[in-house]
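Peer 1: Residue numbers (the numbering used here): 775 to 1199. For each residue, glycine too, the CB sits at the ideal point set by N, CA and C. Have a look at the structure that comes next, please.
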Amino acid sequence: MGAAMRRIHVGNALSAFGLGFTVPYLYVYVAQVRGLGSVTAGLVLAVFAVAALIVLPFAGRAIVRRGPLPVLLVALVTAALGALSLGLSASAGTVLLSAAALGAGQAVMQPALATMIVDCSTTETRSRAFAMQFFLQNLGLGVGGLIGGHLVDTTSASSFTLLFAIEAAMFLVLVAVMATVRAPRAPRIEEAPGQTGGGSWKQLLGNRAMVQLCVLGFVLFFACYGQFESGLSAYGVEAAGISTSALGTALAANTLMIVIAQFAVLKFVERRKRSRVIASVGLIWAVAWAVAGYAGLGHGSQTMATAAFISTYALFGLGEAMLSPTLAPLVADLAPTGLAGQYNSAFALVKQLALAIGPAVGGPLGASLHAPYIVAFLLFSLGITVLAVRLGRQLTDVQNQPSLARSRVITQGGAPADAVVAAEA
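Laid out in structure tokens, this is it:
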């Protein structure tokens, strides 16, 4: 891992730490501490999603034209201003504007950092780099949420002001860290003759593999991430009688599984076809939904229901650990030269759309229609397997299994790849 990649991973960890520091407490802060009510608090959460959906299409073009680092620095400053303003806001209008700035900045960070990882990695090292990114993101979220929870006091607005001020400071520290990154300069869109903004989007939509990956990504995020804190938690409380402390334990089990399993599954994932890895995740999540069904509909003891519900979150974590070195590198490998930023932003846009729709659909279903909720999302998980198999038919052998590229160099050259490169130099 080079110096540039180390700084990028530090950036991922710090941005996740800042996010985990405040987002879990936004609703309480707006509705209770500032006394603006549940409607305004709900609008703040919606503004995060809307801001992301608005800025991401433009972020992709900016990354392609200007490079990921300048876009990332602007996003970090915007997020820092939004966080600081949110901690000082007392009216609904200023809270919503501040949330929009914070949400827009955080949304743009994702594709910018992902594109920097692409620029600083090769096809062979990319899966490991994105696995490290996902590991550090979850670690940052967990540590940030834990520390933030000990700092806040719902009777004191100043404690939340301190929380948001620390988050803003984290973003500014990240500006200083990322400004020192000297990443390899990837080709920009001006260097590709005949390319225009509309042309690059047309090219993306004409890439059948990328379109299928976006559809698959929407289902993945809708059926898993979009349910964690909405439909699945509502189902657990209403159908399975899960306490709030047990729900917190389930979320902790999800993070713990990711931290433990991430690098344990990496070698397994690297040696398999990506489409088959994603297909197996669909099967694992189908089992998770079946276990959740037992927790709420199985008529067992409360202890068994709680254990089953916690196991559901742990199984989701196992699937997430398998996806992290698979999805993001595949997006990068499908992108033509110079358009990685556009493809990363498009996939981030699909993710944000799924995360906006998922809670809106899953929340009411999980709270009231328990059996239909489980059956529907079990079928969505099986649909992931079907879509992954279909995607595999659109990929080249190397796109589907990057390890083949290195083995072919060794086979064709009659010497290890490093020796071939040294001889050519």
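Based on Cα-Cα distance, which residue from SER930, ILE940, MET906, ILE921 lies nearest to VAL856?
Peer 2: Counting from one through the sequence shown, the residue named residue 856 turns up at place 82. Just to set this straight, residue 856 is Gly in the shown sequence, not Val. Selected option, being the one with the closest Cα: ILE940.
Peer 1: Apart from the five residues on each side of it in sequence, which residues of its chain come closer than 6 angstroms, Cβ to Cβ, to SER812?
Peer 2: Position 38 of the sequence shown, counted from the first residue, corresponds to residue 812. Same-chain partners within the cutoff: ALA805.
Peer 1: What's the C-alpha gap between GLN884 and THR1100?
Peer 2: Translated into the one-based positions of the sequence shown, residue 884 becomes position 110. Translated into the one-based positions of the sequence shown, residue 1100 becomes position 326. Approximately 16 angstroms, taken between the alpha carbons.
Peer 1: Whose C-beta lies closer than 6 angstroms to the C-beta of LEU910 among residues of the same chain, with five residues either side of it excluded?
Peer 2: Looking up residue 910 in the sequence shown gives position 136. Excluding positions up to five away in sequence, the list reads HIS783, ASN786, ALA787.
Peer 1: Only counting the same chain, and skipping five residues up and downstream in sequence, which positions put a Cβ closer than 8 angstroms to that of LEU847?
Peer 2: Within the sequence shown, the letter at position 73 stands for residue 847. Around LEU847: VAL949, MET952, ALA953.
Peer 1: Within the continuous alpha helix (DSSP H) that includes ASN912, where are the two ends?
Peer 2: Counting from 1 along the sequence shown, the entry for residue 912 is found at position 138. Segment 900-925, the alpha helix (DSSP H) holding ASN912.
Peer 1: Does the distance from the C-beta atom of VAL845 to that of VAL882 stay below 8 angstroms?
Peer 2: As a first step, residue 845 must be located in the sequence shown, where it is residue number 71. As a first step, residue 882 must be located in the sequence shown, where it is residue number 108. Yes.
Peer 1: Assuming the contact rule is C-beta atoms closer than 8 angstroms, GLY914 and ALA1095 should be a hit. Round their C-beta distance to whole Å, please.
Peer 2: Translated into positions along the sequence shown, residue 914 becomes position 140. Translated into positions along the sequence shown, residue 1095 becomes position 321. That belief does not hold up - the Cβ atoms of GLY914 and ALA1095 are roughly 16 angstroms apart, past 8 angstroms.
Peer 1: Can you tell me the Cβ-Cβ gap for LEU1108 and MET984, rounded? I've got them flagged as a contact below 8 angstroms.
Peer 2: What you label residue 1108 is simply residue 334 of the sequence shown in a count that begins at 1. What you label residue 984 is simply residue 210 of the sequence shown in a count that begins at 1. That belief holds up - the Cβ atoms of LEU1108 and MET984 are roughly 5 angstroms apart, short of 8 angstroms.
Peer 1: Taking 8 angstroms as the threshold, find out whether the stretch 1073-1080 comes into contact with the stretch 1000-1018 through three or more Cβ pairs.
Peer 2: These segments touch.
Peer 1: Could you give the C-beta distance for SER1098 and ALA886, rounded to a whole number, given that I count them as a contact under 8 angstroms?
Peer 2: Residue numbering aside, residue 1098 sits at position 324 when the sequence shown is read from its first letter. Residue numbering aside, residue 886 sits at position 112 when the sequence shown is read from its first letter. About 18 angstroms separates the two Cβ atoms, so there is no contact after all.
Peer 1: For the alpha helix (DSSP H) that contains LYS1125, what are its first and last residues?
Peer 2: Start at 1 with the first residue of the sequence shown, and residue 1125 comes out as number 351. Its alpha helix (DSSP H) spans residues 1114-1142.
Peer 1: Hey, how far is the Cα of LEU1071 from the Cα of MET779?
Peer 2: As a first step, residue 1071 must be located in the sequence shown, where it is residue number 297. As a first step, residue 779 must be located in the sequence shown, where it is residue number 5. Distance between the alpha carbons of LEU1071 and MET779: 47 angstroms.
Peer 1: If I measure Cβ to Cβ from VAL1164 and keep anything under 8 angstroms in the same chain, skipping five residues before and after, which residues do I get?
Peer 2: Here residue 1164 refers to the residue found at position 390 of the sequence shown. For the sequence presented, residue 1164 should be read as Arg rather than Val. Taken in chain order, the residues that qualify are GLN986.
Peer 1: What is the DSSP secondary structure of ALA950, counted as helix, strand or coil?
Peer 2: Here residue 950 is taken as the residue at index 176 of the sequence shown, counted from 1. Helix.
Peer 1: Any heavy atom of the ligand ADP closer than 7 angstroms to the Cβ of ALA873?
Peer 2: Summarising the ligand content, the structure contains no ligands, and the ligand ADP is consequently not present.
Peer 1: Enumerate in chain order the residues of its own chain whose CB-to-CB distance from LEU1127 is below 8 angstroms, with the five nearest sequence positions on each side excluded.
Peer 2: Looking up residue 1127 in the sequence shown gives position 353. Once the five neighbours on either side are set aside, the close Cβ partners of LEU1127 are LEU827, PHE992.
Peer 1: Would you say GLY922 and THR1029 are within 8 angstroms of each other, going by their C-beta atoms?
Peer 2: Here the question's residue 922 lines up with position 148 in the sequence shown. Here the question's residue 1029 lines up with position 255 in the sequence shown. It is not a contact, given that the beta carbons lie outside the stated cut-off.
Peer 1: Taking only runs that begin and end inside the stretch 825-851, name each unbroken alpha helix (DSSP H) of 4 or more residues, in chain order.
Peer 2: Counting only runs of 4 or more, we get nothing.
Peer 1: Quick check on DSSP: helix, strand or coil for ARG780?
Peer 2: As a first step, residue 780 must be located in the sequence shown, where it is residue number 6. The answer is helix: DSSP assigns ARG780 an H, G or I state.
Peer 1: In whole angstroms, what separates the C-alpha of GLN1168 from that of PRO1146?
Peer 2: Translated into positions along the sequence shown, residue 1168 becomes position 394. Translated into positions along the sequence shown, residue 1146 becomes position 372. Rounded to whole angstroms, GLN1168 to PRO1146 spans 33 angstroms at the Cα level.
Peer 1: Kindly give me the distance between the Cβ atoms of TYR1117 and LEU978, rounded to whole angstroms, as I take these residues to be in contact under 8 angstroms.
Peer 2: For the purposes of this step, residue 1117 is taken as the residue at position 343 of the sequence shown. For the purposes of this step, residue 978 is taken as the residue at position 204 of the sequence shown. Right, their Cβ atoms sit about 7 angstroms apart.
Peer 1: Going along the chain, which residues of its own chain have a beta-carbon closer than 6 angstroms to the beta-carbon of ALA1008, five neighbours each way excluded?
Peer 2: Indexing the sequence shown from 1 puts residue 1008 at position 234. Hits under 6 angstroms: GLY1137, GLY1140, ALA1141.
Peer 1: GLN880 lies in the alpha helix (DSSP H); which residues open and close that run?
Peer 2: Looking up residue 880 in the sequence shown gives position 106. From DSSP, the alpha helix (DSSP H) with GLN880 extends over 866-893.
Peer 1: Report the residue from HIS1073, LEU1092, THR1086, TYR1087 whose alpha carbon sits nearest the alpha carbon of VAL1051.
Peer 2: Numbered from its first residue, the sequence shown carries residue 1051 at position 277. Nearest of HIS1073, LEU1092, THR1086, TYR1087 to VAL1051, Cα basis: LEU1092.
Peer 1: So PHE1121 and VAL1135 are supposed to be a Cβ contact under 8 angstroms. How far apart are they, rounded?
Peer 2: For the purposes of this step, residue 1121 is taken as the residue at position 347 of the sequence shown. For the purposes of this step, residue 1135 is taken as the residue at position 361 of the sequence shown. That belief does not hold up - the Cβ atoms of PHE1121 and VAL1135 are roughly 21 angstroms apart, past 8 angstroms.
Peer 1: Helix or strand or just coil, what does DSSP make of LEU998?
Peer 2: Indexing the sequence shown from 1 puts residue 998 at position 224. The sequence shown places Cys at residue 998, not Leu. Coil.
Peer 1: Report the three-state DSSP secondary structure of ILE1148 (helix, strand or coil).
Peer 2: For the purposes of this step, residue 1148 is taken as residue 374 along the sequence shown, with counting starting at 1. Three-state result, ILE1148: helix.
Peer 1: I need the boundaries of the alpha helix (DSSP H) containing SER1007, first residue and last residue.
Peer 2: Numbered from 1 along the sequence shown, position 233 holds the residue referred to as residue 1007. Segment 1005-1012, the alpha helix (DSSP H) holding SER1007.
Peer 1: The alpha helix (DSSP H) with GLN1076 in it runs from where to where?
Peer 2: By one-based count along the sequence shown, residue 1076 stands at place 302. Note, GLN1076: alpha helix (DSSP H), 1076-1097.
Peer 1: Between the C-alpha atoms of ALA777 and ARG956, what's the straight-line distance to the nearest angstrom?
Peer 2: Residue 777 sits at position 3 when you count from the first residue of the sequence shown. Residue 956 sits at position 182 when you count from the first residue of the sequence shown. For ALA777 and ARG956, the distance between alpha carbons rounds to 8 angstroms.
Peer 1: Between PHE908, LEU1123, GLY809, which has its C-alpha nearest ALA864's C-alpha?
Peer 2: Here residue 864 corresponds to residue number 90 of the sequence shown, with the count starting at 1. The option with the nearest alpha carbon to ALA864 is GLY809.
Peer 1: Buried or exposed: GLN1001, going by 16 or more other Cβ atoms within 10 Å of its Cβ?
Peer 2: Within the sequence shown, residue 1001 is the residue found at index 227, counting from 1. GLN1001 is buried by the Cβ-count criterion.
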